[in-house]
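Counting the sequence shown from 1 gives a position; my numbering is that position plus 3.
All C-beta atoms in this analysis are idealised placements derived from N, C-alpha and C, irrespective of residue type, glycine included.
All figures in this text were calculated on a predicted structure; none of them were measured in a lab.
The structure under discussion appears below in the form of structure tokens.
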Amino acid sequence: MGRRSVHSLKAMKQRGERFALVTCYDYPSARLIDEVGIPGVLVGDSLGTTVLGYQSTVPVTLEEVIHHTKPVVRGTERAFVVADLPFGSYQASPDDAIRSATRLMQEGEATAVKLEGGAHIASTVTRLVEVGIPVMGHIGLTPQSVNQLGGHRIQGKTAAAAVKLLNDGLALEAAGCFSIVLEGIPAPVAALISERLAMPTIGIGAGPGCDGQIQVWHDMLGLLPDFLPRHTKHYAALAEGARNALASYQREVIDGSFPTLDHAFELDQDALEELRHLTGEATGVTGVGPFDW
Ligand code: KIV
Numbered sequence: 004m005g006r007r008s009v010h011s012l013k014a015m016k017q018r019g020e021r022f023a024l025v026t027c028y029d030y031p032s033a034r035l036i037d038e039v040g041i042p043g044v045l046v047g048d049s050l051g052t053t054v055l056g057y058q059s060t061v062p063v064t065l066e067e068v069i070h071h072t073k074p075v076v077r078g079t080e081r082a083f084v085v086a087d088l089p090f091g092s093y094q095a096s097p098d099d100a101i102r103s104a105t106r107l108m109q110e111g112e113a114t115a116v117k118l119e120g121g122a123h124i125a126s127t128v129t130r131l132v133e134v135g136i137p138v139m140g141h142i143g144l145t146p147q148s149v150n151q152l153g154g155h156r157i158q159g160k161t162a163a164a165a166v167k168l169l170n171d172g173l174a175l176e177a178a179g180c181f182s183i184v185l186e187g188i189p190a191p192v193a194a195l196i197s198e199r200l201a202m203p204t205i206g207i208g209a210g211p212g213c214d215g216q217i218q219v220w221h222d223m224l225g226l227l228p229d230f231l232p233r234h235t236k237h238y239a240a241l242a243e244g245a246r247n248a249l250a251s252y253q254r255e256v257i258d259g260s261f262p263t264l265d266h267a268f269e270l271d272q273d274a275l276e277e278l279r280h281l282t283g284e285a286t287g288v289t290g291v292g293p294f295d296w
């Protein structure tokens with residue numbers, strides 16, 4: 004059947020169908036996402052905080068995003084794969100952006116790229132689109148600017164700030180973005196932007212008025228259980244399940260109830276007899292190990 008086009012989101016918006024996207028950073032997770040039929044995944048630079056243990060997304064490198072994009076592409080047959088342009092890989096010039104995005108697409112085999120920023124980055128988007136690179140925008144709470152924003156703060160909280168966000172969205176649409184993430188903005192502002200833009204909006208912490216939603220894999224599956232920001236819902240408690248499983252495993256290894264012979268491999272009877280004979284002759288022992296053979 005082949006991979007879905009990024010433009011399928013716009014068709015969904017036109018039909019009034021909502022869609023759910025999710026972040027992904029590895030092969031087994033990508034396979035599950037594809038099985039469920041989620042239309043697209045984002046190899047977000049959130050991999051810095053979720054997988055690599057950084058304090059923010061700022062230290063994430065292009066090499067790290069490429070490294071994590073490859074297995075996600077290998078694990079998906081249907082979902083399109085958007086890879087994040089990390090901090091510092093595109094802001095200095097459109098040429099930098101083209102070089103970095105080209106690496107995400109050639110080495111990582113991403114379908115499209117995402118970058119953060121409003122009207123000021125629109126000329127870069129235009130250049131990327133001109134050379135054939137599909138671009139997802141990202142406005143509102145843009146984590147790469149966390150130091151400039153003074154923390155992970157909700158954006159667009161005044162009428163003037165909301166109008167600026169709307170204008171940013173319009174500029175990115177005019178520049179050729181195929182969709183846009185609205186992160187951490189009040190629900191009425193996100194609903195207004197979603198109504199005014201023809202391209203699909205993808206909300207995270209932006210309320211139900213967006214055309215689609217995106218969640219971070221580790222957040223929604225409860226893999227970092229102490230971290231439950233308001234914009235997230237735990238759809239599973241995977242950390243708890245994994246912790247219980249690890250504790251059971253350790254207990255059973257220590258008390259000897261795992262592994263049993265059900266988890267072991269047999270030796271052919273003739274080989275066993277010969278082994279007994281050889282080791283018995285050589286060492287004087289008549290058996291090998293604690294099992295009753
Ligand atoms: O990096 C990321 O995961 C993101 C999503 C939160 C949209 O940018």
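Kindly examine the ligand KIV and report whether one of its heavy atoms sits closer than 7 Å to the Cβ of residue i.
| i | result |
| --- | --- |
| E110 | no |
| T72 | no |
| E67 | no |
| D87 | yes |
| T26 | yes |
| S49 | yes |
| L45 | yes |
| H234 | no |
| H123 | no |
| I183 | no |
| I217 | yes |
| H266 | no |
| I207 | yes |
| H221 | no |
| T60 | yes |
| E186 | yes |
| H155 | no |
| H141 | yes |
Sort out for me which residues DSSP pairs residue i with in a bridge.
| i | result |
| --- | --- |
| S1 | In this structure the chain extends from 4 to 296, so residue 1 is not present and cannot be described. |
| F83 | G43 |
| G56 | Answer by DSSP bridge pairing: none, since G56 is not bridged. |
| I205 | V184, G215 |
| F261 | Beta-bridge pairing links F261 to no other residue. |
| A23 | Q216 |
| G120 | H141 |
| A115 | V85 |
Using 10 angstroms around the beta-carbon of residue i, count the other beta-carbons present and answer buried if the total reaches 16, otherwise exposed.
| i | result |
| --- | --- |
| E280 | Note that residue 280 corresponds to His in the displayed sequence, not to Glu. Exposed: under 16 other Cβ atoms inside 10 Å. |
| L266 | According to the sequence displayed, residue 266 carries His and not Leu. Counting Cβ neighbours within 10 Å, H266 comes out exposed, since fewer than 16 surround it. |
| E269 | exposed |
| V288 | Because V288 carries a pLDDT of 47, less than 50, the predicted location of this residue cannot be relied on, and no value is offered for it. |
| Q253 | exposed |
| G40 | exposed |
| K236 | exposed |
| D171 | buried |
| G244 | exposed |
| L185 | buried |
| G290 | Caution is warranted here: a pLDDT of 47 is assigned to G290, below 50, making its placement in the model unreliable, and the coordinate value is therefore given only provisionally. Exposed: under 16 other Cβ atoms inside 10 Å. |
| E255 | exposed |
| M4 | exposed |
| S251 | exposed |
| R106 | buried |
| T114 | buried |
| H71 | buried |
| K16 | buried |
| V166 | exposed |
| T53 | buried |
Starting from the Cα of residue i, find the closest Cα among the options and give me that residue.
| i | options | result |
| --- | --- | --- |
| R233 | Q94, A239, G208 | G208 |
| R6 | G56, A163, T79, F22 | T79 |
| R18 | A242, G244, P203 | P203 |
| F90 | Q147, R106, H141 | Q147 |
| K50 | E67, V44, P211 | The sequence shown places Leu at residue 50, not Lys. Of E67, V44, P211, the residue nearest in Cα terms is E67. |
| R199 | L278, L173, G187, A240 | L173 |
| I36 | I217, S103, T235, G283 | I217 |
| R3 | I257, F261, P228 | Residue coverage of the chain in this structure runs from 4 to 296, which leaves residue 3 outside it and unanswerable. |
| Y30 | V44, V166, A248, E133 | V44 |
| S8 | F181, Q158, P74, A33 | F181 |
| E110 | E38, P62, L275, K73 | K73 |
| G120 | G283, A190, E176, Y57 | E176 |
| A82 | M108, R21, A33 | A33 |
| G1 | I69, R77, I157 | The chain is shown from 4 up to 296; residue 1 falls before or after that span and cannot be answered. |
| A164 | L65, V192, G283, G259 | V192 |
Taking residue i and residue j to be in contact with their CB atoms under 8 Å, please state how far apart those CB atoms are, rounded to whole angstroms.
| i | j | result |
| --- | --- | --- |
| D99 | V46 | So it is not a contact: roughly 19 Å between Cβ atoms. |
| T26 | W220 | 5 Å |
| A104 | V116 | 5 Å |
| L118 | Y93 | 5 Å |
| G215 | A23 | 7 Å |
| T307 | A178 | This structure cannot settle anything about residue 307, because the visible part of the chain is limited to 4 through 296. |
| L241 | L264 | Rounded, the Cβ-Cβ distance is 31 Å, inconsistent with contact. |
| A201 | G212 | Wrong, their Cβ atoms sit about 16 Å apart, outside the cutoff. |
| V134 | I183 | That belief does not hold up - the Cβ atoms of V134 and I183 are roughly 20 Å apart, past 8 Å. |
| G210 | A239 | Wrong, their Cβ atoms sit about 23 Å apart, outside the cutoff. |
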